[in-house]
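K.L.:
In my numbering, the protein residues as written are 195 to 707.
1) Just reading off the beta strand (DSSP E) that residue 310 is part of, what are its end residues?
2) Give a yes or no on whether the minimum CB-CB distance between residue 419 and chain C is below 8 angstroms.
3) Tell me, please, which residues DSSP counts as bridged to residue 384.
4) Please return the same chain residues whose Cβ sits closer than 7 angstroms to the Cβ of residue 689, not counting the five positions on each side in sequence.
5) Can you tell me whether residue 451 is buried or exposed, with buried defined as 16 or more other CB within 10 angstroms of its CB?
6) Are residue 485 and residue 546 close, meaning C-beta to C-beta below 8 angstroms?
7) Between which two residues does the beta strand (DSSP E) holding residue 333 run?
8) How would you label residue 435, buried or exposed, when you count the other beta carbons within 10 angstroms and need 16 or more for buried?
9) Going straight from the alpha carbon of residue 667 to that of residue 696, what length do you get?
10) Check whether the segment 583-597 touches the segment 613-620, counting contact only when three or more Cβ pairs, one atom from each stretch, lie closer than 8 angstroms.
11) Measure the CB-CB distance between residue 701 and residue 672 and report whether it falls below 8 angstroms.
12) Considering just the uninterrupted stretch of the alpha helix (DSSP H) at residue 518, what are its terminal residues?
13) Would the beta-carbon of residue 449 fall within 8 angstroms of that of residue 405?
14) Quick one, which of 588, 329 and 386 has its alpha-carbon nearest residue 445's?
15) CA-CA distance, residue 290 and residue 703?
16) Which residues in the same chain as residue 707 place their Cβ atom closer than 7 angstroms to its Cβ, once the five residues preceding and following it in sequence are excluded?
17) Examine the Cβ distances between the segment 458-467 and the segment 322-332 and report whether three or more of them are shorter than 8 angstroms.
18) Are the CB atoms of residue 576 and residue 489 within a distance shorter than 8 angstroms?
19) Assign residue 560 to one of two classes, buried (16 or more other C-beta atoms within 10 Å of its C-beta) or exposed (fewer than that).
20) Cα-Cα, which of 649, 348 and 641 is closest to residue 478?
21) Using CA atoms only, rank isn't needed, just tell me which of 354, 422 and 391 is closest to residue 363.
22) Do residue 593 and residue 532 come within 8 angstroms of each other at the CB atom, strictly closer than that value?
23) Quick check: residue 359 and residue 401, are their CB atoms within less than 8 angstroms of each other?
24) Should the segment 371-380 be called in touch with the segment 560-570, which here means at least 3 C-beta pairs below 8 angstroms?
25) Across the segment 329-349 and the segment 498-511, are there enough close Cβ pairs to call them in contact, namely three or more that are closer than 8 angstroms?
26) In chain order, which continuous runs of the beta strand (DSSP E) of length 3 or greater are located wholly inside the segment 614-686?
27) Write down the C-beta distance between residue 653 and residue 297 rounded to the nearest angstrom, noting that I regard them as a contact closer than 8 angstroms.
28) Measuring alpha carbon to alpha carbon, tell me which of 410, 682, 482 and 678 ends up nearest residue 295.
29) Could you round the C-beta distance between residue 698 and residue 613 to whole angstroms and report it? I think they count as a contact, below 8 angstroms.
30) For residue 669, is the classification buried or exposed, using 16 other Cβ atoms within 10 angstroms of its Cβ as the cut-off for buried?
31) According to the neighbour-count rule (16 or more other Cβ atoms, all chains shown, within 10 Å of its Cβ), is residue 680 buried or exposed?
32) Flag this pair as yes or no: are the beta carbons of residue 361 and residue 407 separated by less than 8 angstroms?
33) Alpha carbons only, please: which of 292, 694 and 415 is nearest the one belonging to residue 615?
34) Should residue 648 be labelled buried (16 or more other beta-carbon atoms within 10 Å of its own) or exposed?
35) Please report the distance separating the alpha-carbon of residue 382 from that of residue 392.
36) Can you check DSSP and say which residues form a bridge with residue 566?
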C-alpha cells in the first residue's frame, strides 16, 4: 500500500490510497507524483470550498488521473484473471436542472475579478453568465452567478418584463404540438385585445422582434394557463419558481391570462378547435398575479432554444426543428442592449440571439446567447438592473466586465450538463468517523469503462486524485467530509483527451461528530 495524506485549507483532511487486492502487489504505474498534476492558485475559487475554506493557493487542482493499464492489473494477482464484484451504485436524491445549477455555480469569482479590475456593478444588479463548453453528446455550461442573484426569487422587487416572451412562444408551440400543429397554423379567436386571424409565426415574430405585448398575451392564451404553469414550467422540468400569469398592457385584476378563448385552427389537412380553457391554479409565492422567475430559469429556456440542435432529446422542448429555426431568426433580429458591451469585450465579430425587457420604474433586462465568431466561443448571459438608477450603457458595461472576468478567472468549478455517455458507477463505502477530526471518512470508487482519465468535483470543489486500483477501469479515493448530508458530485471521464462520459449525482454522507 502507498499512502499519502494532505490537509486542505479549512482543515479538510483527505487521504489518497492505492491498494492491490489481498495477495497482490502494489500498483506499478508510479507514485503520487505521476497522478497529482497541478495546484490551484486562484483565490477566487477557494471561498467556494464546501467546508468553508477561505485561504488561497493551497488546494489540489487534480482532475485528470491516468487509469492503470489493464495488463498491469491482470498481473497483480500472479497472472490470474480478476473477477471483481460488481460495484454498488450509491447515488441518492435526483435533482432537477435548477437544483444542479444552484449547487455547482460559482458565486464568488465574478465579484473577485470585478474588484481586481476596479469595477463596481450598479447597486441592485442581477447577473448570470455561463461559458458553453464541449461536453459529452451535448454542450456543457460552466455557470457564474454574481453572488446569489441568479437564484434570487423576489416577486415585487424583480420584474422579468418582456424577457418572458420567448417562454410564451415556446409554450404556445408546445400546446400546438399536441394537436399536430406548428407555427404555420392559421388561428382565429377573440380575446380582450380584440379579434385575431393569422399565423402563430406572426405572433412569435411580433412578440420577440418588436416586443408586442398583445402578441405575448395571445401566445400565452394559445399555450393555456394550466399547461404553461402546471405542465411545461414544473419543478421536474427545472423551473420550480417560474410562474407566468400576468396579461400585459391590461389592468390587474380586471384582465389576466387565466382564460384562454376558443381557438379555431387549420394547417394543411388539419383543422379543428382548441376549446376554451380556464386556469384555476394559484401561486402564493408569486403574488398579485405577477410573472415570477429567476435569472437561471429565464436563461435556461434560452439555452434550450439556442442550443437545441446540440442537446439530447430529453432537453428538447416539444418544438419542431423548423420552428426552432424561426425562433432563432427572431432572436437574432431582436434589438439588444448587451450587444455593444459584448463587442467591447470580444470584438465586433459576434452574433447575438437575445430578448430584452424593460419596465419603466422597475427593471431593464437582457438575456441571450453571445457567439464569438472569431474564436467560436459561446456565452449565455442574463442581466437585470434597476430602471430608475441605471442606464442602457451601464447594462452594456456590466456585460463587458462579466465577459472579461471569465477570460481572466481560473475555472476549477465543474461544468454541468445531463448525464451522458458510457455509464459511470460510484460506490461509497463508509469508513467511520476520523477520531482526530470528527469528520466522516468514506472510500469512493468510480468505475469508468474505457476511460483513461477522470475529473471529479464535490459541489464546486475539485477532488484530489483518484488512484488506480488493481481492477481495470476502477479508481478510488479515501476522503474525509467535514460537511455531511447530500453532497453533489460531478464526474467527467476522458479517452485520449476527449470527453467520454459525464455524470451528475448526489451522495448522502453519513453524519460525523
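Ideal Cβ positions, reconstructed from N, Cα and C, are used throughout, including at glycine.
P.N.:
Here's the rundown:
1) On the chain shown, residue 310 is found 116 positions in, with the first residue counted as 1. Note, residue 310: premise wrong, no beta strand (DSSP E); alpha helix (DSSP H) at 303-310.
2) This model lacks chain C altogether, as it is built from one protein chain only.
3) As a first step, residue 384 is located in the chain shown; it is residue number 190 there, counting from the start. Note: residue 384 sits in a beta bridge opposite 389.
4) Looking up residue 689 in the chain shown gives position 495. Counting only Cβ-Cβ distances below 7 angstroms, and skipping sequence neighbours, we find 644, 645 and 646.
5) Residue mapping note: residue 451 aligns to position 257 of the chain shown, counting from 1. Flag for residue 451 reads buried.
6) Reading the chain shown from its first residue, position 291 is the one you call residue 485. Reading the chain shown from its first residue, position 352 is the one you call residue 546. Taking 8 angstroms as the Cβ cut-off, residue 485 and residue 546 do not qualify as a contacting pair.
7) On the chain shown, residue 333 is found 139 positions in, with the first residue counted as 1. Residue 333 -> beta strand (DSSP E) spans 333-339.
8) The count along the chain shown starts at 1 and reaches residue 435 at position 241. Its Cβ being crowded by 16 or more others within 10 Å, residue 435 is buried.
9) Here residue 667 corresponds to residue number 473 of the chain shown, with the count starting at 1. Here residue 696 corresponds to residue number 502 of the chain shown, with the count starting at 1. Taking the straight line joining both Cα atoms gives about 15 angstroms.
10) no
11) As a working mapping, residue 701 is identified with position 507 in the chain shown. As a working mapping, residue 672 is identified with position 478 in the chain shown. Contact flag unset, no.
12) Along the chain shown, one-based indexing puts residue 518 at 324. Unbroken alpha helix (DSSP H) run through residue 518: 515-527.
13) Taking the first residue of the chain shown as 1, we reach residue 449 at position 255. Taking the first residue of the chain shown as 1, we reach residue 405 at position 211. In this structure, residue 405 does not lie closer than 8 angstroms to residue 449 by Cβ.
14) In the chain shown, the residue the question calls residue 445 occupies position 251. That would be 386, whose Cα lies nearest to the Cα of residue 445.
15) Residue mapping note: residue 290 aligns to position 96 of the chain shown, counting from 1. Residue mapping note: residue 703 aligns to position 509 of the chain shown, counting from 1. When rounded, the distance between both Cα atoms is 20 angstroms.
16) Your numbering for residue 707 matches position 513 in the chain shown. Same-chain partners within the cutoff: 627 and 632.
17) no
18) The residue labelled residue 489 in the question sits at position 295 within the chain shown. The residue labelled residue 576 in the question sits at position 382 within the chain shown. Contact: yes.
19) Your numbering for residue 560 matches position 366 in the chain shown. Buried, since its Cβ has 16 or more Cβ neighbours within 10 Å.
20) Counted from its first residue, the chain shown places residue 478 at position 284. Measuring from the Cα of residue 478, the nearest candidate turns out to be 348.
21) For the purposes of this step, residue 363 is taken as residue 169 along the chain shown, with counting starting at 1. Of the candidates 354, 422 and 391, the one whose C-alpha sits nearest the C-alpha of residue 363 is 422.
22) Numbered from its first residue, the chain shown carries residue 532 at position 338. Numbered from its first residue, the chain shown carries residue 593 at position 399. Yes, Cβ-Cβ distance for residue 532 and residue 593 is below 8 angstroms.
23) For the purposes of this step, residue 359 is taken as the residue at position 165 of the chain shown. For the purposes of this step, residue 401 is taken as the residue at position 207 of the chain shown. Yes, the Cβ-Cβ distance between residue 359 and residue 401 is below 8 angstroms.
24) no
25) yes
26) 619-627, 634-641, 647-652 and 668-675
27) The residue labelled residue 653 in the question sits at position 459 within the chain shown. The residue labelled residue 297 in the question sits at position 103 within the chain shown. Confirmed, Cβ separation roughly 6 angstroms.
28) Position 101 of the chain shown, counted from the first residue, corresponds to residue 295. It is 682 whose Cα lies nearest to the Cα of residue 295.
29) Translated into positions along the chain shown, residue 698 becomes position 504. Translated into positions along the chain shown, residue 613 becomes position 419. The pair is a contact, with the Cβ atoms about 6 angstroms apart (cut-off 8 angstroms).
30) One-based indexing of the chain shown puts residue 669 at position 475. By the neighbour-count rule (16 or more Cβ atoms within 10 Å), residue 669 is buried.
31) On the chain shown, residue 680 is found 486 positions in, with the first residue counted as 1. Exposed.
32) Start at 1 with the first residue of the chain shown, and residue 361 comes out as number 167. Start at 1 with the first residue of the chain shown, and residue 407 comes out as number 213. It is not a contact, given that the beta carbons lie outside the stated cut-off.
33) Position 421 of the chain shown, counting from 1, holds the residue named residue 615. The residue with the shortest Cα to Cα distance from residue 615 is 694.
34) Within the chain shown, the letter at position 454 stands for residue 648. The residue in question, residue 648, is buried, as its Cβ has 16 or more Cβ neighbours within 10 Å.
35) Position 188 of the chain shown, counted from the start, is the residue given in the question as residue 382. Position 198 of the chain shown, counted from the start, is the residue given in the question as residue 392. Distance between the alpha carbons of residue 382 and residue 392 is about 7 angstroms.
36) Indexing the chain shown from 1 puts residue 566 at position 372. 544.
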